[in-house]
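Down below is the structure, laid out as structure tokens.
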Amino acid sequence: MMPYASLAFSFMKIGLLGFGGGYAMIALIQREVLKFGISGLEFIDILALSQITPGPIGINTATYTGYRVAGFMGACIATFSNVSLTFILMVLFARLYYSAARGSAIETVFRSLRPLFIGLIAASIIVMARDIRIWTDHNAALIFACAFFMFYSFKAHPVLVILLAGIAGMVLY
Amino acid sequence: MNVYLDLFLTFSRTSLFTLGGGLAMLPFVEREVTEKRQWLSKDEFLDVFGMSQSMPGVMILNVATTVGYKIARTRGAMAAAAGTVFAPFISILLVAWFFIGIKDSPVTVKIFSGIRPAVMALVTVPVITLSRAAKIRGAVFLVPAAVAFIIGIGRVHPGYVILAGVAIAFIRVLGARTP
Chain A
22 MMPYASLAFS FMKIGLLGFG GGYAMIALIQ REVLKFGISG LEFIDILALS
72 QITPGPIGIN TATYTGYRVA GFMGACIATF SNVSLTFILM VLFARLYYSA
122 ARGSAIETVF RSLRPLFIGL IAASIIVMAR DIRIWTDHNA ALIFACAFFM
172 FYSFKAHPVL VILLAGIAGM VLY
Chain B
9 MNVYLDLFLT FSRTSLFTLG GGLAMLPFVE REVTEKRQWL SKDEFLDVFG
59 MSQSMPGVMI LNVATTVGYK IARTRGAMAA AAGTVFAPFI SILLVAWFFI
109 GIKDSPVTVK IFSGIRPAVM ALVTVPVITL SRAAKIRGAV FLVPAAVAFI
159 IGIGRVHPGY VILAGVAIAF IRVLGARTP
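Keeping their order, the protein sequence lines are chains A and B.
In this text, residue positions in the first sequence follow the working numbering: the first is 22, and each later residue adds one.
In this text, residue positions in the second sequence follow the working numbering: the first is 9, and each later residue adds one.
In structure tokens form, the structure reads like this:
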């Protein structure tokens, strides 16, 4: 019974506090899944898998973690908890929008939060760098540099880069 | 066709055929919703996108919920949200089932040792592009730097930082409105 309750609680928290889109949510999920014995490294693997399967990162990570911790029921509970509270909020908000009042005040608030979201993404990168040990593992540093170059300069598709990085891993490690 | 079924199928199709997360899905959803189905006008879609980004949770799911609500109220919202979740749920479940079986094999360990730095690079790029788009410079740079330091080095739970940030932003914006 316990893993179900704590899965539900964790993913409700992620759903409600997950402002700023998929990348900004990573820091929060990364921290919460530690409680379920999912290491920083395994979490990066989950991110990779969620990039090469359809759907948003937020849903993919919830389903995977739930399944890993408590099987099919765990996957259902984590996914449902992740989306249900936000769903209720969003229906209330849609009702407001399609009546007269517009959500402009709330939009102004969240536009002013963009520096926070950027900080959250940067925080998740620091945690990843430490888990990967990028400062001492030269192969990892090399793959990071190449992948960054492909994403940033050539806007390469994530699926392609992840595939190439996998091949590089087979050769280098 | 039944309107609920139509919403469910439309949103499961858009989330099934796009790889790489919510922002990658957005253009497909836009085309489906504003051109093919004509559920929303282009301007309306931009509004909906803006407020979906302001709300917590999965952005593309918030878009689907709002569109569903407009077409068929709460039950429409449920159909659209369920459609968005359905395909990713099934596909990642299959992947999880497969991956958990092979994740400790030597070959998988090698492959994922290579993939991890690439994932880190993937997450690094938006820090730079978003900083440019938000014109982060000068003293404003202290905010993301402090957040990254507090969470990344200080290991403070991101939830506290998010709550504090949201509270401060609300006070500032509301304070600026009522002199």
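Positions of the beta carbon are idealized from the N, C-alpha and C atoms, including for glycine.
What residues from chain A crowd round residue i, counting only those whose CB sits closer than 8 Å?
| i | result |
| --- | --- |
| Tyr12 of chain B | Neighbours of Tyr12 of chain B on chain A: none; closest Cβ ~15 Å, over 8 Å. |
| Gly91 of chain B | What Gly91 of chain B touches in chain A: nothing, since even the nearest Cβ is about 11 Å away. |
| Pro35 of chain B | Under the 8 Å cutoff, chain A gives no residues; its nearest Cβ is about 14 Å from Pro35 of chain B. |
In the DSSP assignment, the alpha helix (DSSP H) including residue i goes from what residue to what residue?
| i | result |
| --- | --- |
| Ala189 of chain A | Pro179 to Leu193 |
| Asn103 of chain A | Ile78 to Tyr119 |
| Val127 of chain B | Pro114 to Ala141 |
| Arg135 of chain A | Arg135 to Ile153 |
| Gln46 of chain B | Note, Gln46 of chain B: premise wrong, no alpha helix (DSSP H); not H, not E. |
| Lys111 of chain B | No alpha helix (DSSP H) contains Lys111 of chain B, which DSSP labels as neither H nor E. |
| Met23 of chain A | Met23 to Leu38 |
| Thr22 of chain B | Val11 to Leu24 |
| Ser71 of chain A | Gly61 to Ile73 |
| Gly58 of chain A | Careful: Gly58 of chain A lies outside any alpha helix (DSSP H) and carries neither H nor E. |
| Val155 of chain B | Leu150 to Ala156 |
Answer yes or no: does any C-beta atom of chain A fall closer than 8 Å to that of residue i?
| i | result |
| --- | --- |
| Gln46 of chain B | no |
| Val41 of chain B | no |
| Met9 of chain B | no |
| Lys50 of chain B | no |
| Arg124 of chain B | yes |
| Ala3 of chain B | Since the displayed chain B opens at 9 and closes at 187, residue 3 of chain B lies outside it and no answer follows. |
| Thr132 of chain B | yes |
| Phe107 of chain B | yes |
Would you grab the beta carbon distance between residue i and residue j for me? Rounded to a whole angstrom, and I think it's under 8 Å.
| i | j | result |
| --- | --- | --- |
| Ile183 of chain A | Ile73 of chain A | 6 Å |
| Met33 of chain A | Ser102 of chain A | 5 Å |
| Gly91 of chain B | Ala104 of chain B | Not quite, the Cβ-Cβ distance comes to about 21 Å (not below 8 Å), so this is no contact. |
| Val135 of chain B | Ile139 of chain A | 6 Å |
| Ala143 of chain A | Ala156 of chain B | 4 Å |
Residues of chain B with CB under 9 Å from residue i, in chain order?
| i | result |
| --- | --- |
| Lys34 of chain A | Gly167 |
What in chain A is Cβ-close to residue i, meaning under 9 Å?
| i | result |
| --- | --- |
| Lys78 of chain B | Ala115, Tyr118 and Tyr119 |
| Phe25 of chain B | Pro75 |
Kindly indicate if chain B contains any beta-carbon less than 8 Å away from that of residue i.
| i | result |
| --- | --- |
| Gly95 of chain A | no |
| Gly79 of chain A | yes |
| Pro75 of chain A | yes |
| Tyr85 of chain A | yes |
| Gly58 of chain A | no |
| Tyr88 of chain A | yes |
| Phe175 of chain A | no |
| Val52 of chain A | Before going further, note that residue 52 of chain A is Arg rather than Val in the sequence given. Yes, because at least one Cβ of chain B sits closer than 8 Å to the Cβ of Arg52 of chain A. |
| Ser27 of chain A | no |
| Met23 of chain A | no |
| Phe40 of chain A | yes |
Please list the partners that residue i has in chain A, where partner means a Cβ-to-Cβ separation under 7 Å.
| i | result |
| --- | --- |
| Phe178 of chain B | Val130 |
Residue i touches chain B at which residues, Cβ-Cβ below 7 Å?
| i | result |
| --- | --- |
| Leu55 of chain A | Within chain B, no residue comes near Leu55 of chain A; the closest Cβ sits about 10 Å away, beyond 7 Å. |
### Message
With three or more beta-carbon pairs closer than 8 Å as the criterion, would you say the region 141 to 153 of chain B touches the region 102 to 117 of chain A?
### Response
Touching, no, given that fewer than three Cβ pairs across the two stretches are closer than 8 Å.
### Message
Would the region 114 to 134 of chain B count as touching the region 165 to 184 of chain A if we require 3 or more Cβ pairs under 8 Å?
### Response
The region 114 to 134 of chain B, when compared against the region 165 to 184 of chain A, does touch it at the 8 Å Cβ threshold.
### Query
Is the region 94 to 101 of chain B close to the region 134 to 143 of chain A, with three or more CB pairs under 8 Å?
Pairwise C-beta distances place the region 94 to 101 of chain B out of contact with the region 134 to 143 of chain A, as fewer than three of them are shorter than 8 Å.
### Message
Check whether the region 34 to 41 of chain B and the region 107 to 117 of chain B touch, using three or more Cβ-Cβ pairs below 8 Å as the test.
### Response
Per the Cβ contact rule, the region 34 to 41 of chain B is not in contact with the region 107 to 117 of chain B (fewer than 3 Cβ pairs under 8 Å).
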